[in-house]
DNA sequence: GCATGTTAAGTGACAATGTCACTGAACCCC
DNA sequence: GGGGTTCAGTGACATTGTCACTTAACATGC
C-alpha cells in the first residue's frame, strides 16, 4: 500500500500539507499488470496520469504494422500525452503500454484544473512535463529523419542494457523500438556480431564491447 | 496599428474586459520582416509568443545540412515550442522562421503565469496549444518513419498550393520541407511530370491534375 | 547584344534501407 | 521424439540517400 504518494512527485511534494491531503482524497490509485494498455486510440482517459511506480512505453503504430517507440514514462513522471489526446479531435495512433507492473495515480480533470490554477509549483511541474515530451519528440524526429540505423541501433542497445551486459529481446522488438523492419535489425546485428561488438542467441543479445558500441552510437 | 489584439485570440477574446485591458498594457507588440528568425538555438525567448498576423515556419536542422518542417504557426495561434525551449536544458535545433512579415504579441513570463493561474479560458487555450503541437509532431513522426516519399510530396504540393494551381519553390526547398535530399525530390517530380500530374519550370511547379495528386497523397 | 557567374535542375553510380517470399533453427509442449 | 510455433537468416529487388558531376536558366555588367 502507498502511504503518501504526493511525496513522490516533484510537482506535489512541494505543495502545502492541506493541499496534499485534499489530493490524497480526490485521486484514485490504479494498478495495472505488465503488458496492459494504459491508453490508446480506443481508450482515451479523461484524467491526468501520474506514474507512481513502473515504466510505460509510449509508441506509435503505422497501418502497415510497423511500430516506433516515442518515449518512456518513468516513475515520478506524468503522462501528458493522454491530456493532449483528450483535446485532439483528430485520429492519432499512439498508445501507452505498461512495460512493467505499474502503479499510477489518476487525478480527475476537475481536480487537475483547480490545482493548476491554485498552485504555482504544480503548474511548473505540468508545463515541464509537456516541454519534456515535446523535446523527446523533437529528438525522435531528428533520429528518424536524419539518423543512420546502425547508429540508432547501437544507441538503443546501450540504453536498453543500462548497466548490464545482456538484453533479452527479439530482433522484431528492436525493430519496433526504432520504427524499422526486422530484417534491417538482423542485418545490422550480424554486422555487429562479425565485428565482435555483440554475441547473439535466440532472444538474447550480449554486449561484448560497449566501448565500440558507444563509438558507433556517437558516429555519423 | 493594432486596436485591440485580445479580440484576435480564442484564449483572450473570452476574458473579462478588465483582464484584457491589463494585458494590453503588459504585452509588447513586435514586428518582424519576412525571413527573420523568430527563435532558434542561439535565440531562446523567455516569453509567450502570440502570432497576430503572418505565418511562422518551425523546422529542424540536422548537422548534415538537411532540414525538415515540423509545423507552421498561423495568425491567431501561439507558439509554445518557445516556452518548451526555455525549460529544456538539452541542446535542440528547432528554429522558427517568419515566412511572411509578421506581427506578434509578446507576453512576459510573469504575466503569462498569472494569466494561467487566474483565467480558466486562457488555461484551456494554452493547453490546447501544447496539445496541438504534440499532435502535429506525432504526425511528423508517423510520416517520416512510415510514409512514402512520393505520397508525402504529393500531399505537400497540394497543401502549399492551397486553392491555387502554381507553387513558386525550388526542389531544394521542397526537400527541406520533407527532410529529404533534393535529388529525391527531383526524381519524384520527374515521375509526376511524366504522368502529366504537374508541369515544371525553374522555380515553379504547376499542378495540372490535382485529383491525381490527391489520389497519390491518399495512397499507400 | 554577349560573356560570365550563380543558382536550379538533371544524371549515373553506388550505398543504405525497406519489402517480400522463403528457408532453417531453436524452443515448446505433449 | 514428433509436430507446431516463434525467431532468425537469406537473396532478390524497390525505394531512398549520397556523391560527384553536367547541363540549363537566370542575373549582371560590359
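Chains as they are written, first to last, in my numbering: chain C, 538 to 757; chain D, 538 to 757. Backbone N, C-alpha and C define an ideal beta-carbon position, used for all residues, glycine too.
query                                                                                                                                                                                            : result
Examine the Cβ distances between the segment 715-725 of chain C and the segment 541-551 of chain D and report whether three or more of them are shorter than 8 Å.                                : no
Distance cutoff 8 Å, beta carbons only. Does residue 670 of chain C sit that close to anything in chain D?                                                                                       : yes
Within 8 Å (strictly less), CB to CB, does residue 716 of chain C reach chain D?                                                                                                                 : yes
Buried or exposed: residue 751 of chain D, going by 16 or more other Cβ atoms within 10 Å of its Cβ?                                                                                             : exposed
Label residue 608 of chain D either buried or exposed according to how many other C-beta atoms from any shown protein chain fall within 10 Å of its C-beta, with 16 as the threshold for buried. : buried
Are residue 593 of chain C and residue 635 of chain C close, meaning C-beta to C-beta below 8 Å?                                                                                                 : yes
Please list, in chain order, the chain C residues whose beta carbon lies closer than 8 Å to that of residue 679 of chain D.                                                                      : 597, 599, 630
According to the neighbour-count rule (16 or more other Cβ atoms, all chains shown, within 10 Å of its Cβ), is residue 597 of chain D buried or exposed?                                         : buried
Helix, strand or coil for residue 738 of chain D per DSSP?                                                                                                                                       : strand
For the ligand MG, I want to know if residue 710 of chain C counts as a neighbour, meaning its beta carbon is within less than 7 Å of at least one of the ligand's heavy atoms.                  : Ligands displayed in this structure: none; no statement on the ligand MG is therefore possible.
Among the candidates D:669, D:683, D:561, D:702, whose CA atom is the shortest distance from the CA of residue 746 of chain D?                                                                   : D:702
How close, in whole Å, do the beta carbons of residue 742 of chain C and residue 706 of chain C come, if the pair is a contact with beta carbons under 8 Å?                                      : 7 Å
With 8 Å as the limit, tell me which residues of the segment 636-662 of chain C have their beta carbon closer than that to any beta carbon of chain D; keep them in chain order.                 : 650, 653, 654, 655, 657, 660
Skipping 5 residues on each side, what residues in its chain have a beta carbon closer than 6 Å to that of residue 704 of chain D?                                                               : 697, 698, 742
Between the alpha carbons of residue 618 of chain D and residue 548 of chain C, how many angstroms are there, rounded?                                                                           : 21 Å
Can the beta-carbon of residue 646 of chain D be found closer than 8 Å to that of residue 584 of chain D?                                                                                        : yes
Enumerated in chain order, which unbroken segments of the alpha helix (DSSP H) with a length of 4 residues or greater are wholly contained in the segment 680-742 of chain C?                    : 686-698, 708-715, 719-731
Between residue 603 of chain C and chain D, is the shortest Cβ-Cβ distance under 8 Å, so that the two count as touching?                                                                         : yes
In terms of DSSP beta bridges, what is residue 643 of chain D paired with?                                                                                                                       : D:565, D:586
On the DSSP bridge list, what partners appear for residue 577 of chain C?                                                                                                                        : C:580
Which term fits residue 595 of chain D, buried or exposed, when burial requires 16 or more other beta carbons within 10 angstroms of its beta carbon?                                            : buried
Can you pull the chain D residues whose beta carbon is under 8 Å from the beta carbon of residue 608 of chain C, in chain order?                                                                 : Correct list: empty, because the minimum Cβ distance to chain D is about 11 Å.
Output yes if chain D places a C-beta closer than 8 Å to the C-beta of residue 691 of chain C; else output no.                                                                                   : no
Using CA coordinates, which residue listed in D:553, D:615, D:564 is at the minimum distance from residue 575 of chain D?                                                                        : D:615
Given a cut-off of 8 Å, decide if residue 588 of chain D and residue 610 of chain D are closer than it, judged by their beta-carbon atoms.                                                       : yes
Rounded to a whole number of angstroms, what is the C-alpha to C-alpha distance between residue 578 of chain D and residue 676 of chain C?                                                       : 14 Å
So residue 685 of chain C and residue 757 of chain C are in contact, right, with Cβ under 8 Å, and what is the actual spacing, rounded?                                                          : 5 Å
Please list the segments of the alpha helix (DSSP H) lying wholly inside the segment 594-635 of chain C, counting only runs of 4 or more residues, in order along the chain.                     : 618-624
Please list the partners that residue 697 of chain C has in chain D, where partner means a Cβ-to-Cβ separation under 7 Å.                                                                        : Within 7 Å Cβ-Cβ: nothing; residue 697 of chain C doesn't reach chain D, min ~19 Å.
Can residue 552 of chain D and residue 658 of chain D be called in contact, C-beta distance under 8 Å?                                                                                           : yes
Taking the C-alpha atoms as reference points, what is the distance between residue 728 of chain D and residue 688 of chain D?                                                                    : 12 Å
Would you say residue 667 of chain D lies against chain C (beta-carbon separation less than 8 Å)?                                                                                                : yes
When the Cα of residue 620 of chain D is compared with those of C:716, C:562, C:671, C:732, which residue comes out closest?                                                                     : C:671
For residue 568 of chain D, which residues of its own chain have a beta-carbon under 6 Å away from its beta-carbon, when the five flanking residues on both sides are left out?                  : 640
Can you tell me the Cα-Cα spacing of residue 556 of chain C and residue 638 of chain C, whole angstroms?                                                                                         : 29 Å
Could you give the DSSP three-state label for residue 744 of chain D: helix, strand or coil?                                                                                                     : strand
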